[in-house]
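Chemist: Sharing a structure with you now.
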Amino acid sequence: MKKQSIRFKNYFYTFTLLWLLWYAFTTSLQPAELTVGAVLSLFVAWITVKYFDCCDPILIYPGRIVYFVGYFFVFLRALIKANFDVARRVINPKLPINPGIVKFESKLHNRFAKMVLANSITLTPGTLTVDVIGNTFYIHWIDVKGGDPETAYKEIAEPFERILLKIYG
Amino acid sequence: MLKKIFVLFLLTVTGVALWQSFRHAPFGENRVGDVENPETVSAFYLKHSPETLHTANSVTAIVVNFRGFDTLGEVTVLFLAATGLASILYRRKEDEEEEGGHLPVRVKLKSSTLVRTGAKILFPLILLLGIYVFVHGHLTPGGGFQGGAIIATGFLLMFITYKRFNVNHKIMVWLESLSGLAFVLIGLYGLVAYGSFLQNIPWTGRLNDLISGGLIPLIYIFIGIKVATELTNVLDTLMNTKPRKK
Amino acid sequence: MNSFQEVFIRYRELMEIAVYGVAILLIFIGLYAVLTKKHLVKVVIGLSIMDAGVNLLFVGVGYITNHTAPIFSPGYEDAADKMVDPVPQALVLTAIVIGFAVTALALSLVIRLYRHHKTANIEQLNSLRW
Amino acid sequence: MDIYVALLILFGGALVAFFIDDLNRRWTGPVALAFALAAAVAFALTPEGQHLRLSILGFDLHWQQDSAARFFGWIVLGLTVLALIYSVKYMEGKARLGYFYAVFLMSAGGMLGVSVSRDLISFFVFWEIMTWTSFLLAIYNAYYGVETKGIKYIIFSSIGAYAMLTAIVMAGHYYHTYDLADLWQAGAFSFRSYWYIPASLMLGFAVKAAVVPFHVWAPDVYAKTPMSFTTVFSGAMSKMGVLGLLVVLTGLYAGGGDGMFWFRWILGWLGGITAVAGTLQAIRQNDAKYLLAYSSVAQLGYIVTALATGTRLGLMAALYLAVLHAAFKGALFMVAGAVEKQAGTTDFREISGLIKRMPWTFFVALVSVISLAGVPPLGGFVGKWLLYESLITETHSYFLVIVIFFSSTAAFLYAYRFLFGLFLGQAEEEIKQVKEASWWMLLPMLVLAAVSIVTGMYPGLIFKPAADVLAGWGLPVPDWHMSILLNRWGNQVDLVTVGSTVGVVFVLVAIYITLKGRKTTKWVSTKDISTSGEIPSPQDNLTFQRGFFKPFERAIGRLYDWDANGIWEDLGAALEAFFGFVRKIYTGNAQTYALYVIVFLVVLLIFARRIFG
Amino acid sequence: MTAIVINIALMLIGTAAFIGLLRFVKGPTAADRAVASDTLSVIGIAGLVLLAYVFRRYIYTDLALVYAVLGFIGIIVIARFIERAL
Amino acid sequence: MVISPVHYIVAPLAAAFFIPLLNKLYDDAARVVPGIVLGYLVVVSAVLVPQVLYNGPITEIIAGWRPPFGINLVMTPFSAILALLVSFMAFVIWLYGFRFRRTLKGGVVMYYEILQMMMTAGALGIILTGDLFNMFVFVEIAGITAISLSAFYRDRDGAEAGFKYMLLGSLASVFLLLGILLLYTQTHSLNMAQIAERMPAVAQGVKIIALIFLLVSLGIEAEMFPLNSWAPDAYSQAPSPTSAAFAAVLGVAAVYALARVSYTLFDAQSVSMFLMVMGFLTMFFAETAAIAQTDLKRMLAYSSMGQMGLVMVALGIGNETALFGALFLIINHAVIKALLFMTGSYFIYNNNSKRLVALNGIHKRLPYVSFLFSLGALAIIGFPPFSGFWSKFYILSGAAKRELLPLIIGILAITIVEMTYYLRVIGRIYFGKEETEPASHKPSINALVAMTSLAVIIVVLGLYPGLISGYLHKASMFLLDKQAYIQNVLSVK
Amino acid sequence: METVLLILHYAGLFLILLGSVFLFLGALGIYRMPDLYNRLQAGTKASTLGAMSTILGVGLIQPSWFIKLFIIVIFIALANPLSSHALARASYKAGVKPIITSDTDEYAAVADEAGRPKTEKNTQTL
Ligand code: NA
Ligand code: NA
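Top to bottom, those sequences are chains A, B, C, D, E, F and G.
If you read the first sequence in my numbering, its first letter stands for residue 162, the second for the next number, and so on.
If you read the second sequence in my numbering, its first letter stands for residue 325, the second for the next number, and so on.
If you read the third sequence in my numbering, its first letter stands for residue 261, the second for the next number, and so on.
If you read the fourth sequence in my numbering, its first letter stands for residue 25, the second for the next number, and so on.
If you read the fifth sequence in my numbering, its first letter stands for residue 1252, the second for the next number, and so on.
If you read the sixth sequence in my numbering, its first letter stands for residue 15, the second for the next number, and so on.
If you read the seventh sequence in my numbering, its first letter stands for residue 13, the second for the next number, and so on.
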């Protein structure tokens, strides 16, 4: 009984997201567009529901929205910083780099959360996620400030993971 | 070395000939002519696509209606390529025995967990995008082929990231056959009802509405489905060729 | 009128060289690969490059300076005399799909050949001759 | 009865024979014979002078039962019927009888068709039918000849046929007709306007008539084909070449005699050379079949020379010899076939002394050989007489007379060799069991022998239809009598008297020799090679069977060096090598192929204006 | 003002594409070319959107979206090819 | 629904799309349905061809847009006869192979049947379409099926043959596209009638370049020397019914395209010399290569190329007589070569070898098949009274009308080469010494019917060419009359 | 309303300019950096931000386009880092050696265990 309701829930949020996406594609509120979009979203949801497990509706509970917004700004800051960092290195004729690959353990358990973290790391200053095996992140670091996992964790992942842990618990 | 020089000579002659002859069609020159009183096919299409067919995308109007017969052939080419591919790479029992009972695999190595997570999110998005592209083929630069190709790449993403991702071949066959048949049947409807194969129905709606262009969007949807299933089949067959030890 | 369009008008000759030239160059490169490369896959890639060149030539031929895509989307309903030639675009769509079909078929043949001869060298594919 | 009835019977009979073989192999031969007889009856019942015009693809076909058609048609049908009677026993027990008889009848149909065709289209169609069917029979006995020898026949025939075809289409273009009468009228065969039309026609006919240097196909094919068909092959089919040459000659006459010079001299000399070459080759053969084959080539040479004179007597000689050659050479090939069937071989070195075992066969051989040698009182003599008369009195070609005379004299040598090799000399142990041939085989042989005998005394029997032929086509006709020959000095020869006299003398001599020989001959095996203590090698000439005419061969040895056969074979080998080289352009390399395409494209682009401008 | 900014942006993007192409040509490994084409595709998406604005045609944005999707999947496929998983 | 030319394309297409579905429901659907479809096409031909011959050409509008704006199908007497020929031959070939393919198991049969049927559809499209680009599409349909079928058997060197065909075919399609594009830039049309109408205004230089690209492209498909190197490999590696179809279906369409482009788009005079010379070279190289072959199917393939060369020569001669001969030869070649491949296939099947040596004495094991093969061989050489003679005679007469004596001699000389190797094979079949005695596979009843019907056609057409000559005359006259074609197509409302 | 649009317009122009500069820098990074991983570092970050900024800029100038452009931006934000990661991982496993100046390469052991080729010769070149 419970399983079924979960299934329905999955269908529902997959469908809703897709329908929203359809609206974004068409940016039209014509009844025909919306109807067709609904039908097609339903169809795509039917095909893909078993894969689309990232975005449980839990995530849009009000408390978490705040964290989302918070994360966005943290990320945006890091991103802009990263870009100026890159600009600095690229323009500098000496190419000041000290690369290496470090690893650290993440506390996240949700696969989607790990992906968000990895992407964030890739987009932030001087780091690039090379691989994630289990909870171990391997990071290519353009300017290694310390080879041990703790330093790496602190420097690279902590600001993001703090918020992600709040969201995905 | 001598051969390469010879080849370069040949190609230069060919290139020069092409260049010389295309100079007779200067780049950017208007060769379409007056649209109101069409002398060329292009002008005729630009006139009748919005006026008669009420189809915003005149390329779509050409592809599906004015030159719809080409498109039927084109769909057939794709279908035949899929068939040919299957017949060329078909694995018989003897082949499997010859290769020591190896089963075919698509990918040999596990892919990154991140990509796998991402693919799951993107897959529905890509499918919907593909569908959007062919449903709006008469309104936007999309169409059945483009949409079908996008859907097939969505499947490609899943094929290369998941070792065990499989398509339901039965459904694929049904979709492929029925969409192809639908195309032909719509064409035949034109023949029966209006005396000309693939002739559009007279009711063609309002320009730039989703429901416009008469049967054009419908045909393009079927083309989209057919292309999507066929390309997916092609990719599936092409990738399922590596032997794997039992 | 933006400067992009001005460039198109003022340097028509240059654009001609750019578009037709690149298209013909692609055909040239593709043919060169077909005629000289020894690896079967490279030969097939050469064919695809040729196809690309021809397709580019199609699109280039249909282009009209300062004209826009032949799509009567909102705001462009009456712009028929400001649109590029739609026919080559429709044709190129067909040509692309057919090119893809042939390439897929070619690759499947390469796979079979590689399995049968254990080599992808085109010069060793001559059990049929004379 | 219309003309086509006989043709339909023959072609229909072919179909029936082919399928009846599957039902009962014993019936195939008789059924084929029945059809041939029916065709002969139908042919006989066809009214004289009947015209038949058919239209096919817009071409008017013209078949006519004129005197020429009857003359050549009877040669064909007569020989066909006799050969089929002969075949019933001769072919007994051989494989693929359906194939043999079907193709035989079709071949006869083709020849009969050629005889009645009076337009070039149907002439060519029947000509080709006759050719490929005879090819199918020529390879009947041995496939391994096909790669070289059998195929040589069809290649030469086709060179000839296609030369004809070229002439036909060009004539059709220039004169807008294919009808012979119209073409004769229009002067199409004159050498003045389009010389290659008569020339290529003559080439085509010359090949079929085995004229040097296009004769090389003939000996092998005549010798290798089943003898029952060789009879027809050599006796009738080669006469189709004669008919063709007659057609051209008629055209020359109708066109006012233009080019008669070329016709007379080139063809005449080719005929003479053919006669000599054939004779010389015949002399050195060790196999009866080959001997006869080369002899056929030589005899056809006489006929061609006679025809080439284009004069009254010459033409009469040609037609007369055509019939006689059919008779005696047909008979001789049947003799060879009978010997082969009864004794297993026709190699002179392996058998001899068959006279006692096969007396009837010997009789036929004797008569035919005498006729062949042109000795009175048999038919062959009359033909030679006419030929000499014509060459000396009408065209004054004395050199040609010498050539022909040399060849005739030399012909005695092989004629004797044939008789001696097979029938005279000592009988070996091995042939003790040999029996006389079946009456099915003897009967047609005797009929043919009778022709030689009867025409020896009453050549007028042939003069009459031959004169009709000449008169019918507007060619010069000589005076003729039933059994009297006239020479230029007006001396009369009564052939009946000559014949009776010689006959009596011959019988007396024969009795004398037989009685005397009994007493004097000492019987030793020819294979008894024990001489006084020395062991001879196989090359040593111990018996007459081996190297029979060694001294003669030594005397004229240089002539043998001109071996046309060798030249053709070298040419063939060179061509084959060339073909093998050409196909190497298909290297098997896909890139090379693509390069061909681009090279071709570039060549076209470079010379675009020149090619398409 | 608008035109100047847009032109500067187009020029920058064009130069960027050219530099990216240089890397693509240089290689040296297939992976390097893949990196170059990855960047090129992103540059291309931005360029397409900008051109859509230049020509004032909303419908061109669809192209950018499709191009983004195809570019991404293309790079993933190449990556799988490079690691010899195909 | 009234029968119309569009059925030629739509019926096989619908069937092809439907077969995979049907095959899931009914096991033999893939084998049966193509027969029904091709049989239906024969019926369509039987209805339409007389209509065309007596009432004049049919121009079928598609999608309701009259020419030159829409794509249209044109059935002139010339194309109508070829359409009848192609559909009939495809049906016979299907009939021939019906039981043969039982040896193949599972889905492969379906692939095979679909491809084989669609090759016919592609050929029919080439023959019927009045639109240049549409012709390209059908060329590709035919090409893709042909490539796939060449590579069908994997125990042979099929893939190699397929690859070579693919390579040259791709070059062909690139050149075809370039030619079409060039013509489009100059005439702003893709409709062949309108292009023909506007052609005089086109600059000579561009016209010639476009012509060259089209000729090279179609020359590849039509097996013109030196573009025909794919042919021997493809013919010899493909399954025998397919080899038969290459000659009887694909070759017909390719030659048609060549004729249409030369006669309608350009003027026959300017192409005349080119076609004659290339046709003659094609004959020469093909026949000389054929005589040196040791493999039956390769020999037949080279022979096919030789025949195509003769057709090209006839097209080049270009007067009505020669065109009549060309059309007759196309028909003859289709029928006879199909018969030769069919019977040859049984030889190969029995010997387990394609080598000519293996044919020695095979008539004892396969008397009837040997008989049919020999009949075909004699007919293709052009021996009277078989049909091959008449076509050759007409072509020669056409050459005579242009007083091309050297050409006549050349053609006949090459015919002697051709004759030589065919007669050698006949010799082997009947008189060769058998070397092996393998188990005998007798032809199945359907194959017998197919082969016999072809043999009957050969004989009947040889004896009564009048049966079809009137139609052929009409057709060849129409091919020559460019204005009539333009008129017929462009006047349709 | 007018002013809002004007402000959006100039904000948009600024974003476009900024974005294109970053795109340029990203390309420069791709060209200048010494090894593949550093190229990825530079290229990814700069080009991602650059593209996002440019596209959003256009979205601000044309508000009616915003929603669709936003979808593109989200897609880029999601997909681009993923593709870079995939390329880095694949290259490393295929044996493309990184330049390591800090003596830290924790991933080498993992890749070697997975069968990384020993020499760079084995890296695929096309
Ligand atoms: Na003897
Ligand atoms: Na990135």
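We put the beta carbon where it would ideally sit given N, CA and C, even for glycine.
Could one say the Cβ of residue 106/G lies closer than 8 angstroms to chain B's Cβ atoms, at least one of them?
Modeler: Counting from one through the seventh sequence, the residue named residue 106/G turns up at place 94. Answer no: the Cβ-Cβ gap between residue 106/G and chain B never drops below 8 angstroms.
Chemist: Do you know how far the Cα of residue 1264/E is from the Cα of residue 32/G?
Modeler: To locate residue 32/G, count along the seventh sequence from 1; it is residue 20. To locate residue 1264/E, count along the fifth sequence from 1; it is residue 13. For residue 32/G and residue 1264/E, the distance between alpha carbons rounds to 6 angstroms.
Chemist: Comparing alpha-carbon positions, which option in 1293/E, 1278/E and 1291/E lies nearest residue 48/G?
Modeler: Taking the seventh sequence and counting its residues from 1, one reaches residue 48/G at position 36. Ranking the options by Cα distance to residue 48/G, first place goes to 1278/E.
Chemist: Can you look up residue 28/D in the DSSP assignment and give me helix, strand or coil?
Modeler: Here residue 28/D refers to the residue found at position 4 of the fourth sequence. Residue 28/D: helix per DSSP, three-state reduction.
Chemist: So, at 7 angstroms on beta carbons, what are the nonlocal neighbours of residue 555/D in its own chain, with the 5 sequence-adjacent residues on each side left out?
Modeler: Residue numbering aside, residue 555/D sits at position 531 when the fourth sequence is read from its first letter. Only weak support is given to the placement of residue 555/D: the predicted model assigns it a pLDDT of 49, under 50, and the question is left unresolved by the model.
Chemist: Am I right that residue 320/F and residue 301/F are in contact with their C-beta atoms under 8 angstroms? What's the rounded C-beta distance?
Modeler: The residue you call residue 320/F lines up with position 306 of the sixth sequence. The residue you call residue 301/F lines up with position 287 of the sixth sequence. Going by Cβ atoms, the distance from residue 320/F to residue 301/F rounds to 4 angstroms, so yes, they are a contact pair.
Chemist: My guess is that residue 85/F and residue 351/B are in contact by the Cβ rule of under 8 angstroms, so how many angstroms apart are they, rounded?
Modeler: Position 71 of the sixth sequence, counted from the first residue, corresponds to residue 85/F. Position 27 of the second sequence, counted from the first residue, corresponds to residue 351/B. At roughly 28 angstroms, the Cβ-Cβ gap does not stay under 8 angstroms, so residue 85/F and residue 351/B are not in contact.
Chemist: Identify, in the order they occur along the chain, each residue of the same chain with its Cβ nearer than 7 angstroms to the Cβ of residue 334/D, setting aside the five sequence neighbours on each side.
Modeler: Locating residue 334/D in the fourth sequence gives position 310, counting from the first residue. Closer than 7 angstroms at Cβ, skipping near neighbours: 273, 284, 287 and 288.
Chemist: Which same chain residues end up closer than 6 angstroms to residue 95/D when comparing Cβ atoms and leaving out the 5 residues on each side of it in sequence?
Modeler: Start at 1 with the first residue of the fourth sequence, and residue 95/D comes out as number 71. Cβ within range, chain order: 489 and 493.
Chemist: Of all the CB atoms in chain C, is at least one closer than 8 angstroms to the CB of residue 558/B?
Modeler: Locating residue 558/B in the second sequence gives position 234, where the first residue counts as 1. Yes, residue 558/B counts as interfacial toward chain C.
Chemist: Measure from the C-beta of residue 438/F to each C-beta in chain I and report whether the shortest distance is under 8 angstroms.
Modeler: Absent from the structure is chain I; the protein chains it does hold are A, B, C, D, E, F and G.
Chemist: Helix or strand or just coil, what does DSSP make of residue 554/D?
Modeler: In the fourth sequence, residue 554/D corresponds to position 530, counting from 1. For residue 554/D, the predicted structure reports a pLDDT of 49, less than 50, and the residue's modelled location is therefore unreliable. A value from the coordinates is still provided. Note: residue 554/D maps to coil in three-state DSSP.
Chemist: In angstroms with no decimal places, state the Cα-to-Cα distance between residue 339/F and residue 323/F.
Modeler: Here residue 339/F refers to the residue found at position 325 of the sixth sequence. Here residue 323/F refers to the residue found at position 309 of the sixth sequence. Answer to the nearest angstrom: the Cα atoms are 13 angstroms apart.
Chemist: Nearest by alpha-carbon distance to residue 531/D: which of 374/D, 261/D and 391/D is it?
Modeler: By one-based count along the fourth sequence, residue 531/D stands at place 507. Among 374/D, 261/D and 391/D, the Cα nearest to that of residue 531/D is on 391/D.
Chemist: Just by C-beta distance, which residues in the region 318-336 of chain C are closer than 7 angstroms to chain E?
Modeler: If the cut-off is 7 angstroms between Cβ atoms, the region 318-336 of chain C has 328, 329, 331 and 333 near chain E.
Chemist: Taking 8 angstroms as the CB-CB limit, is residue 328/B close to chain C?
Modeler: As a first step, residue 328/B is located in the second sequence; it is residue number 4 there, counting from the start. True, the Cβ-Cβ gap to chain C drops below 8 angstroms.
Chemist: Mapping DSSP to helix, strand and coil, what is residue 211/D?
Modeler: By 1-based counting over the fourth sequence, the position of residue 211/D is 187. Note: residue 211/D maps to coil in three-state DSSP.
Chemist: Can residue 121/F and residue 414/B be called in contact, C-beta distance under 8 angstroms?
Modeler: One-based indexing of the sixth sequence puts residue 121/F at position 107. One-based indexing of the second sequence puts residue 414/B at position 90. Cβ atoms of residue 121/F and residue 414/B: closer than 8 angstroms.
Chemist: To test your reading of the DSSP string, which unbroken alpha helix (DSSP H) runs of 4 or more residues are found completely within the region 248-315 of chain D?
Modeler: 251-256, 262-278 and 292-307, all fully within the region 248-315 of chain D.
Chemist: Could you work out which residues of chain D lie near residue 488/F, taking near to mean beta carbons separated by less than 7 angstroms?
Modeler: Here residue 488/F is taken as the residue at index 474 of the sixth sequence, counted from 1. In chain order: nothing, as chain D lies at least about 13 angstroms away.
Chemist: Can you list the alpha helix (DSSP H) stretches of 4 or more residues lying completely in the region 246-316 of chain A, in chain order?
Modeler: Listed in chain order, the complete alpha helix (DSSP H) runs (minimum 4 residues) inside the region 246-316 of chain A are 272-284 and 310-313.
Chemist: Short check: CB of residue 91/F to CB of residue 488/F, under 8 angstroms?
Modeler: Locating residue 91/F in the sixth sequence gives position 77, where the first residue counts as 1. Locating residue 488/F in the sixth sequence gives position 474, where the first residue counts as 1. Cβ distance < 8 angstroms, so residue 91/F and residue 488/F count as in contact.
Chemist: Can you pull the chain G neighbours of residue 438/B, defined as C-beta to C-beta under 7 angstroms?
Modeler: Locating residue 438/B in the second sequence gives position 114, where the first residue counts as 1. Within 7 angstroms Cβ-Cβ: 94 and 97.
Chemist: For residue 165/D, name the three-state secondary structure that DSSP assigns.
Modeler: As a working note, residue 165/D is residue 141 in the fourth sequence. Three-state result, residue 165/D: coil.
Chemist: Can you tell me whether residue 321/F is helix, strand or coil according to DSSP?
Modeler: Against the sixth sequence, residue 321/F aligns to sequence position 307. Helix, per DSSP.
Chemist: Looking at C-alpha atoms only, which residue of 61/D, 210/D, 296/D and 154/D is the closest neighbour of residue 33/D?
Modeler: Residue mapping note: residue 33/D aligns to position 9 of the fourth sequence, counting from 1. Checking every option, the nearest Cα to that of residue 33/D belongs to 61/D.
Chemist: Mapping DSSP to helix, strand and coil, what is residue 235/D?
Modeler: Taking the first residue of the fourth sequence as 1, we reach residue 235/D at position 211. Residue state, collapsed to three classes: coil.
Chemist: In this structure, does DSSP put residue 360/B in helix, strand or coil?
Modeler: Locating residue 360/B in the second sequence gives position 36, counting from the first residue. Looking at residue 360/B - three-state DSSP - the assignment turns out to be coil, as it is neither helix nor strand.
Chemist: List the DSSP bridge partners of residue 366/D.
Modeler: In the fourth sequence, the residue the question calls residue 366/D occupies position 342. Paired residues: none, contrary to the question.
Chemist: Note down, in chain order, all residues in the region 299-314 of chain C with a beta-carbon under 8 angstroms from any beta-carbon belonging to chain F.
Modeler: Those residues of the region 299-314 of chain C that come within reach of chain F (Cβ to Cβ, closer than 8 angstroms) are 300, 303, 307, 310, 311 and 314.
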